[in-house]
Amino acid sequence: MRRALRVEVRRGTAPFAALAMFGAGVWMLAVHPDDWGGRWAGLANYLRMSMLILCALMIAAGAWQAGRERRRDIDELLASAPRPGWQPLLVAWLAVALAGTAGVLVAFAGAAVLVARVATYTGGGWWWTLAVGILALGAAAALGVFVGRIFSLRVVAPIAGLAAYLGLGIATYWAGRAAAWLSPVYGGWAADRLVPVRVTALQAAWLAAVAALMLAAAARLRRTAILAGGLAIAVAVPIITGPAARRLPADPAAVELVCTATGPQVCLSRINAFLIDDVTAVAQPILAHLDGIPGAPRRAVDQAAQPDGQPIGENHETVWLNLNYQSTALGGLTSPDQLRADFRQVTRPACMDASGRREVDQQVYLTDALATAWMLDEPPTADTPLARLRALPIPEQRAWFAAYLDAAGRCDGPSLIRLGQL
Amino acid sequence: MTTVSVEGLRVSYGKRVVLDGLDLELGPGVHGLLGPNGAGKTTLTRVLATVLRPDRGDVRLLGHRIDDHSGLRQARRRLGYLPQTFGFYPRFTVREFVEYFAWLKEMPPARIPLAVDRAIERVGLLDRADDRMKQLSGGMLRRAGIAQAIVNDPRLLLLDEPTAGLDPEQRVQFRALLREVGLDVVVLVSTHLVEDVVAACTRVSVVDGGRLVFTGLPDELIGTGGDSDSGDSPIERGYTAVLRGARTAPR
Chain A
20 MRRALRVEVR RGTAPFAALA MFGAGVWMLA VHPDDWGGRW AGLANYLRMS MLILCALMIA
80 AGAWQAGRER RRDIDELLAS APRPGWQPLL VAWLAVALAG TAGVLVAFAG AAVLVARVAT
140 YTGGGWWWTL AVGILALGAA AALGVFVGRI FSLRVVAPIA GLAAYLGLGI ATYWAGRAAA
200 WLSPVYGGWA ADRLVPVRVT ALQAAWLAAV AALMLAAAAR LRRTAILAGG LAIAVAVPII
260 TGPAARRLPA DPAAVELVCT ATGPQVCLSR INAFLIDDVT AVAQPILAHL DGIPGAPRRA
320 VDQAAQPDGQ PIGENHETVW LNLNYQSTAL GGLTSPDQLR ADFRQVTRPA CMDASGRREV
380 DQQVYLTDAL ATAWMLDEPP TADTPLARLR ALPIPEQRAW FAAYLDAAGR CDGPSLIRLG
440 QL
Chain B
255 MTTVSVEGLR VSYGKRVVLD GLDLELGPGV HGLLGPNGAG KTTLTRVLAT VLRPDRGDVR
315 LLGHRIDDHS GLRQARRRLG YLPQTFGFYP RFTVREFVEY FAWLKEMPPA RIPLAVDRAI
375 ERVGLLDRAD DRMKQLSGGM LRRAGIAQAI VNDPRLLLLD EPTAGLDPEQ RVQFRALLRE
435 VGLDVVVLVS THLVEDVVAA CTRVSVVDGG RLVFTGLPDE LIGTGGDSDS GDSPIERGYT
495 AVLRGARTAP R
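Going line by line, the protein sequences match chains A and B. Heads up: the first sequence begins at 20 in my numbering, then just goes up one per residue. Heads up: the second sequence begins at 255 in my numbering, then just goes up one per residue.
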């Protein structure tokens, strides 16, 4: 079988599949490095997010490979051979699956080199996420082989790929449901979340069963197909009736805090700790600016470490920083401005009504903007409230800001409007 | 020694009966299978190649019944087949293509490299063994097809229109190959070219209207023709005489 596999890998659809998957992988990685930069779990999750494209390509490659016999008018010659038909089919599938997977893994290996340089957390079972992704590629190729065997037209391969793309895309809208686990596409969980081993094992079994079902059906092995189909259903039931992706618990080791030793405290979760120097450079000057002001935060903490269920702003001493998409491919900070924007939670008036809407006078917003600009030390333009605020002595500026925080915390509209009239 | 035995063979495509009550016995040697278009030559070849299941009849290949799964697999291991429409994988090299079929024919892995080289050499393609199939001319492709058919040293070799696309020199070489292979192997050559039969076949069968209407030596076929029969050569006259006789005889 090795001999046939070697020939198929070199001369079949496999080299094209490898090239296409490599190209797609590179493209996907280049589009959103902020999703995976510096985090192993982020990289594994991003592979699963890329399944939307990668599985569609694998299905197209499998369909193209499986339709080859009829396209090339060679099926009669194959039918006269003694080797059972499932064996060449298996070899053809294996060649496409291996080559396609190798193509995408080479692309992701390049990204892994970049991650390895800076990553500060290696745990979290991300390799299981990766392994399920690889199984998904195999299952996608098997589905393609089945489709290619059923329909011999050349156009079937691109149509099957497109249909898979649309189908998987629609399935992403189920992300809140447990059934979303049936899709190989990333379910939207953050890199610091732990996917339960039970779910990963069921996903792996589901994808393996689907692959076996598709190959058996393509090879017309009825008993094996029924067995694999039964297994697929048996595995799908506990997945569908289990917990949904949005309830995933945090990985305690990933969200363990790593804090600065000097200056105003900046703490990041271990998984994001590679960003601590860049984040500190942005956050510490702001925290230093606010130091000693009553009601102002004293430290900045990675939002990943926020206890589940605690809304932002509940703890006035802490400003929470969202670092989910804050890494470049090389492990630097993507957007310092975005990080500074996280400090807006400090000045936001607590004027939410029961429905979560904010219904306040527009002038309150102007005061909010003024307080934010002062806090972030934004440059003033001439003859603006900010310029006038900055013209005050420092103690008066700090007193003004303390008064603002007090009024904003109580949603005291008249006081906020008055504070804005500098 | 009979190695192919067919009794009461009936094959139909829908309502159209293509072969009906056909009996055939073949032993070692090169057998020519002649007949007009639509006579059932290709259908008979496909049944013997085990790719077409007959409606009725008993078919034994190399001592194995083909309606028995185990026997079918045994027979296929010693079968070589070149269909009328020879498909191929264009990106494979000749060596890879023949090697792939050696694998499909369940040859022991250790024997494959030598067997592949030998088969390619026998069809005169050794110098093109590492060329892609898509780079070969029509005649070379046909020879590559023959190479895959003989790679497993078959005991039964079925060739449907094997000389189509070969130039005269290649046909002469091919006939020599047939004579060499046919010394101890059953070779059935379905063809329109009666001169191939005279040059290479030890026996000849004529099929018409789904029935076997003649089987014998080429000289016996020649002997059935007379000066009044149409044809440019003695065997063509014999062939047309057999067909005329079969069509006028009561069924």
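Where is the CB? At the ideal position from N, CA and C, for every residue including glycine.
(message) Based on DSSP bridge pairs, tell me the residues matched to residue 335 of chain B.
(response) According to DSSP, residue 335 of chain B bridges with B/412.
**Prompt:** How would you list, in chain order, the residues of chain A whose beta-carbon sits under 8 Å from the beta-carbon of residue 313 of chain B?
**Reply:** Here the premise fails: no neighbours, minimum Cβ distance about 14 Å.
**Prompt:** residue 396 of chain A: which of A/382, A/413, A/380 sits nearest, CA to CA?
**Reply:** A/413
Does DSSP classify residue 286 of chain A as helix, strand or coil?
Correct three-state label for residue 286 of chain A: strand.
| said: Let me make sure I understand the geometry here. Which of B/268, B/337, B/293 has the alpha-carbon closest to that of residue 462 of chain B? | reply: B/293
CB of residue 577 of chain B within 8 Å of CB of residue 472 of chain B, strictly
Residue 577 of chain B cannot be examined here, being either before or after the span of chain B that is shown, 255 to 505.
So, at 8 Å on beta carbons, what are the nonlocal neighbours of residue 369 of chain B in its own chain, with the 5 sequence-adjacent residues on each side left out? So the qualifying residues of the chain are 356, 361, 405, 406, 407.
| Which two residues bound the contiguous beta strand (DSSP E) that contains residue 462 of chain B? | 457 to 462
Selection from A/425, A/416, A/190 that minimises the alpha carbon distance to residue 71 of chain A:
The shortest C-alpha separation from residue 71 of chain A is found at A/190.
Original post:
In chain B, which residues lie with their C-beta within 9 Å of the C-beta of residue 23 of chain A?
Top reply: Chain B residues near residue 23 of chain A: 353, 354, 357, 358.
From B/489, B/468, B/470, residue whose alpha carbon lies closest to that of residue 476 of chain B: Check the Cα spacing between residue 476 of chain B and each of B/489, B/468, B/470: the tightest is with B/489.
*Is the beta carbon of residue 339 of chain A sitting closer than 8 Å to the one on residue 357 of chain A?*
no
Practice task
State the DSSP-derived secondary structure class of residue 272 of chain B, mapped to helix, strand or coil.
Solution key: In the three-state reduction of the DSSP assignment, residue 272 of chain B falls in the strand class.
- Coil, strand or helix - residue 273 of chain A by DSSP: coil
Please report the residue range of the alpha helix (DSSP H) in which residue 391 of chain A lies. It spans 381 to 394 - the alpha helix (DSSP H) in which residue 391 of chain A sits, taken as one unbroken run.
Original post:
Between residue 330 of chain B and chain A, is there a C-beta pair that is closer than 8 Å?
Top reply: yes
Margin query: Taking the alpha carbon of residue 341 of chain B as the reference point, which residue from B/381, B/277, B/352 has its own alpha carbon closest?
Written below: The closest CA to that of residue 341 of chain B, considering only B/381, B/277, B/352, is found on B/352.
*How is the alpha helix (DSSP H) around residue 421 of chain B delimited, first residue to last?*
Element bounds for residue 421 of chain B: n/a, residue is neither H nor E.
| message | I'd like the span of the alpha helix (DSSP H) that includes residue 184 of chain A, first residue to last. | response | 175 to 190
Who are the near neighbours of residue 254 of chain A in its chain, counting only those whose CB is closer than 8 Å to its CB and skipping five residues on each side? Counting only Cβ-Cβ distances below 8 Å, and skipping sequence neighbours, we find 221, 224, 225, 228.
Backbone secondary structure at residue 468 of chain B - three-state DSSP
strand
Next item on the list: Determine contact between the region 161 to 179 of chain A and the region 78 to 85 of chain A, defined as no fewer than three beta-carbon pairs at a distance below 8 Å.
Entry: Yes, the region 161 to 179 of chain A is in contact with the region 78 to 85 of chain A.
Quiz item: residue 127 of chain A and residue 44 of chain A look like a contact to me (Cβ under 8 Å); what is the Cβ gap, rounded to whole Å?
Solution: 6 Å
* Asked: Do you know offhand how far residue 260 of chain B's Cα is from residue 39 of chain A's?
  -> Just so you know, the alpha carbons of residue 260 of chain B and residue 39 of chain A end up roughly 51 Å apart.
- Check the Cβ of residue 171 of chain A against every Cβ in chain B and list those closer than 9 Å, keeping chain order. Correct list: empty, because the minimum Cβ distance to chain B is about 13 Å.
Q: Pick out the complete beta strand (DSSP E) segments inside the region 88 to 120 of chain A, 3 residues or longer, and give them in chain order.
A: With a minimum length of 3 residues, no continuous beta strand (DSSP E) run stays inside the region 88 to 120 of chain A.
| query | Taking DSSP as the reference, what is the three-state secondary structure of residue 430 of chain A? | reply | coil
- Message: To test your reading of the DSSP string, which unbroken alpha helix (DSSP H) runs of 4 or more residues are found completely within the region 320 to 388 of chain B?
- Response: 323 to 331, 348 to 358, 366 to 376
Under 8 Å by Cβ, that's how I've got residue 112 of chain A and residue 161 of chain A pegged, so tell me the actual separation to the nearest angstrom. 6 Å
ask   = Would the beta-carbon of residue 383 of chain B fall within 8 Å of that of residue 345 of chain B?
value = no
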